């Protein structure tokens, strides 16, 4: 894209709205052949420094090209390059870009039901989330929601796995310590924490460090060791709490504009599905591979690992259930998702606690014995 | 295949050896176009009744066809249809069939290093296995082993996740109770259990039930609730032990004959990779989705869930480490794999015990409190 075109595009994209950006959309090629040449743009919610989340979108585009002999080319853009990171859904919905990669819970302000597309606080771990999505009716439910209300379709694409609870300047010893706490935390979790007296702060990634350093905020959560380490939080807030109960297995979403999707030959739709799962496997595995290395580094830099105290976990769990009950009475889609997820989740842990958890317990206990 | 051809094929396949079956191999089409029409046969190690393991191979073939506009067709065969279930590697190596789906540890008799292609007892859970395979050097190592020694290449394809320890006619209260126990158990684990006095039994799936019923054997392991339930073991051996420490995250393998693989256009190689990961996601998720339902059914039918006692777990762990040390002195490939896996595994549990395990623990404890 030339500088002139980019400026024009950014201006148009900034104007937003469903029809606004149509003028700069690439002309859709006539699709007659089995594998026509197509170029799409993918807006993402990630800075390039997040080599796992942004890396996943690059890997996805690479797989799509490789699966189509380079006929189907997707160019990925970091947050803010052509669309602001928090407006990827809007841009895909409007057709400003053909596709995007974003976590759906960024849009919980439009509808809290979006939360289920990414992760429900105290929901399921990343393997359970896959089970729900692929075999538990999750994909059909998310897709119905996206198609009927937001002119999109898509697939989940990997998981961050269970995140950390974040960096705190002072220790959290009880539920009382949450009162008045200025905590940089993702939106939907903020609704739960507000019930417990927390004052959630919305701050972009790059601005968190100075805010923590000055004490403008008391705490901040980001993702997990690998991503957190890059932002250097350990130097200004050394208590590193876990688990991030609001994101036990968060999944970004590959979103496709519905009209653009419908224009694709069948083979390209299949390619977008398989590339999503292939790239999702890549990302979930990458977080597991890189987090241990970063965790050791952070501890050597002075991070003090702390589990949230039991009464904090219990208080947050209770507040979460209250919120879900409230939202279920007010919002039909939220209730539909919540009833489905809670039932599936309960069955999952019934089984998980038998072989899987007992095996993990043994491996962890034994490792510690030998350490 | 006509009856005559099938008889001729089986006879030839039975003769084995690298060149033996060349006469009945489908003629390789000249590959000039980007997406030529190709038909391959896939021999699998699974009976059709295993709807998750065999189902995964059908799903794989379906994805390959969908990703190639039906140009690349793979027909799957159940164990014994064209190749015996335990000889899939041999058939792919010889080019009798172009591809197969089998767990590599079936071939530990040829080389104990095959174990690492599927699962190491007390190794890694299924997510860690993916991390090792995709980002920890596992894929390169397995592939080098397969290419240089067995004329094959391939990809892992999903996981059974942590398996159960099996069905026992009597309770196991200590390590002493393993002495003389006639236990139907997969091959490599048998080498560990032999050190503890167990008498491992090799019995095909369909023959386990009568052997257990008559008391010819004392115990039998198969997979997990969903697959076990179909074989009806609960009626003749009600103590259902966990975890199956010999299979914390077993992965079947899509195997391709190297010469056939090299003949493929690049795009088809990419398709085989993405279809493997797509189908792998499908299988791992399916086991998670169906096991809880089967477990509840088994308990209602009288299954008594029992964790292996701590001294049994410790004794087995110790015996496993002894075996790995012995094999490492005798077998270069085993040592190469084992050094790599042990180092990666140790880092994995270091991180796993923080956010992931603490979250699972909370979810399980809380579920029980409410139950």
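Chains as they are written, first to last, in my numbering: chain W, 55 to 425; chain V, 55 to 425.
Note that CB positions come from ideal geometry on N, CA and C, so glycine has one too.
Everything numeric in this text was worked out from a predicted model, so none of it was measured.
Three-state class that DSSP yields for residue i in the structure shown
i	result
residue 399/W	helix
residue 174/V	coil
residue 156/W	strand
residue 96/V	strand
residue 119/W	helix
residue 258/W	coil
residue 412/W	helix
residue 377/W	helix
residue 162/W	coil
residue 102/W	coil
residue 369/V	helix
residue 405/W	helix
residue 460/W	The structure shown has nothing for residue 460/W, since chain W only spans 55 to 425.
residue 394/V	helix
residue 109/V	helix
residue 24/W	Because chain W spans 55 through 425 in this model, residue 24/W falls outside it and cannot be assessed.
residue 228/V	coil
residue 151/W	coil
residue 264/V	helix
residue 89/W	coil
residue 244/W	helix
Buried versus exposed call for residue i [16 or more other C-beta atoms within 10 Å across all chains shown]
i	result
residue 405/W	buried
residue 239/V	buried
residue 354/W	exposed
residue 345/V	buried
residue 256/V	exposed
residue 330/V	buried
residue 260/V	exposed
residue 103/V	exposed
residue 383/W	exposed
residue 124/W	exposed
residue 77/W	Confidence at residue 77/W is low in this model, with a pLDDT of 38, below 50, so its placement is unreliable and the value that follows should be read with caution. The residue is exposed, with fewer than 16 neighbouring Cβ atoms inside 10 Å.
residue 356/W	exposed
residue 163/V	exposed
residue 364/W	exposed
residue 97/V	buried
residue 316/W	exposed
residue 227/W	exposed
residue 268/W	exposed
7 angstroms CB neighbourhood of residue i in its chain, flanking five on each side removed
i	result
residue 215/V	180, 303, 338, 341, 342
residue 387/V	165, 167, 199
residue 333/V	110, 113, 114, 117, 211, 212
residue 205/W	147, 311, 312
residue 321/V	88, 89
residue 369/V	229, 250
residue 351/W	283
Opening and closing residue of the beta strand (DSSP E) in which residue i lies
i	result
residue 127/W	126-131
residue 220/V	220-222
Counterpart residues of residue i in DSSP-defined beta bridges
i	result
residue 359/W	294/W
residue 210/W	307/W
residue 253/W	236/W
residue 274/W	221/W, 238/W
Proximal residues to residue i (C-beta, below 6 angstroms), its chain only, five neighbours per side dropped
i	result
residue 161/W	143, 168
residue 218/W	278, 296, 298
residue 266/V	274, 290, 291
residue 306/V	155, 157, 211
residue 360/W	293, 295
residue 241/W	162
Sequence-distant residues of the same chain with beta carbon closer than 8 angstroms to residue i, five excluded per side
i	result
residue 262/V	238, 271, 274, 276, 285, 287
residue 87/W	319
residue 385/V	165, 166, 167
residue 246/W	175, 300, 370, 373, 374, 377
residue 253/W	234, 235, 236, 237
Host alpha helix (DSSP H) of residue i (start-end)
i	result
residue 323/W	320-354
residue 202/V	192-204
residue 315/W	312-317
residue 183/V	180-189
residue 137/V	Here residue 137/V belongs to no alpha helix (DSSP H), and DSSP marks it neither H nor E.
residue 142/V	142-148
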